[in-house]
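Notes follow once the structure below has been shown.
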Amino acid sequence: MIRVEQAIKSFGSRKALNELSFTIEEGKMVGLLGANGSGKSTALKALAGLVQLDRGEIRIDGMPPNLSTRAKLSYLPDVDIWNSWMRLSDAMLYMRDVYWDWNDEKAKHLLHYFELNPDLLIRDVSKGTRAKMKLLLALSRHAKYVLLDDPFAGIDPFARRQIAQAIVEDFINDGQTIIITTHEVAEVELIIDDFLFVHDGKLLLEGHVETVKQERNQSLADVLREVYEHARL
Numbered sequence: 381m382i383r384v385e386q387a388i389k390s391f392g393s394r395k396a397l398n399e400l401s402f403t404i405e406e407g408k409m410v411g412l413l414g415a416n417g418s419g420k421s422t423a424l425k426a427l428a429g430l431v432q433l434d435r436g437e438i439r440i441d442g443m444p445p446n447l448s449t450r451a452k453l454s455y456l457p458d459v460d461i462w463n464s465w466m467r468l469s470d471a472m473l474y475m476r477d478v479y480w481d482w483n484d485e486k487a488k489h490l491l492h493y494f495e496l497n498p499d500l501l502i503r504d505v506s507k508g509t510r511a512k513m514k515l516l517l518a519l520s521r522h523a524k525y526v527l528l529d530d531p532f533a534g535i536d537p538f539a540r541r542q543i544a545q546a547i548v549e550d551f552i553n554d555g556q557t558i559i560i561t562t563h564e565v566a567e568v569e570l571i572i573d574d575f576l577f578v579h580d581g582k583l584l585l586e587g588h589v590e591t592v593k594q595e596r597n598q599s600l601a602d603v604l605r606e607v608y609e610h611a612r613l
């Protein structure tokens, strides 16, 4: 279980997280949703132990973010972290050497699914192909918690559908807890169980996707659009 209580994080005069609180149950696929600059990436970095809170508390299986909890996390950042001179195969070898839970069979499956050539140089591929490479590296571990920061950013609709399907298949096969940050609500609406909608570092709405859609007789995207417009008044 992941629990965040009254999390506050400021960068200069801007509060990226403003008393943010939420709980994520194990075995769920959760969308951490909101517009750009809403605090989604900061929240994920805090879970991964890459950002230290100014105030508040994070507990992952009862422990604060540390080396022990990081071993349970597979984190896909929203920026490229691999050296451009590397080939995909180089990055895969690095992951295999560093992480005990690396799964060669899953990596081979994703290579085939995404139609990726392991000899591709990272610097030579499109943004959509890099997104698939990054997802392969994140999903080829048997991590208990998978944190995916904006995996759909800047890529075409077909690639987004491929990536969404790969996430679903990985979740179904392994029963991991997956947290996806995005502002592309329509892309995740059909694959996530629960959602957390944040704005200006605050939690505006949370719930089970299908329950909220049935109660309001709207798509999740329409529900969140109304909540967002009301918050801006």
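Converting from the sequence shown to my numbering requires adding 380 to each position, the first position being numbered 1.
Note that beta-carbon positions come from the ideal geometry of N, C-alpha and C, so glycine has one too.
Quantities reported herein were computed from a predicted structural model and do not represent experimental measurements.
- Given a threshold of 16 other Cβ atoms within 10 Å of its Cβ, counted over all protein chains shown, does Trp465 qualify as buried or as exposed? exposed
- Nearest-angstrom Cβ-Cβ length linking Ala396 and Gly419, presumed shorter than 8 angstroms: 5 angstroms
- Endpoints, beta strand (DSSP E) assigned at His579: 574-579
What are the uninterrupted segments assigned as beta strand (DSSP E) that are 3 or more residues long and contained completely in the region 441-494, given in chain order? 453-456
message = Bridge partners for Thr509 per DSSP, in chain order?
response = According to DSSP, Thr509 bridges with nothing at all.
Exercise. Taking just the CA atoms, how far does Ile438 sit from Asn497?
Worked result: 39 angstroms
Whole-angstrom distance between Phe577 and Tyr455, CA atom to CA atom: 20 angstroms
Would you check if the distance between the CB atom of Leu616 and the CB atom of Leu519 is smaller than 9 angstroms? This structure gives no information on residue 616, because the portion of the chain shown stretches from 381 to 613.
Notebook entry, point to check: Does DSSP put Phe538 in a helix, in a strand, or in coil?
Noted result: helix
Start-to-end residues for the alpha helix (DSSP H) that takes in Ser421: 420-427
Sequence-distant residues of the same chain with beta carbon closer than 7 angstroms to Trp510, five excluded per side:
It should be noted that the sequence gives Arg, not Trp, for residue 510. Excluding sequence neighbours, Arg510 sits near Asp460, Ile502.
task: Please report the Cβ distance between Gly442 and Gln386, rounded to the nearest whole angstrom; I am assuming they are in contact, meaning their Cβ atoms lie under 8 angstroms.
output: Going by Cβ atoms, the distance from Gly442 to Gln386 rounds to 17 angstroms, so no, they are not a contact pair.
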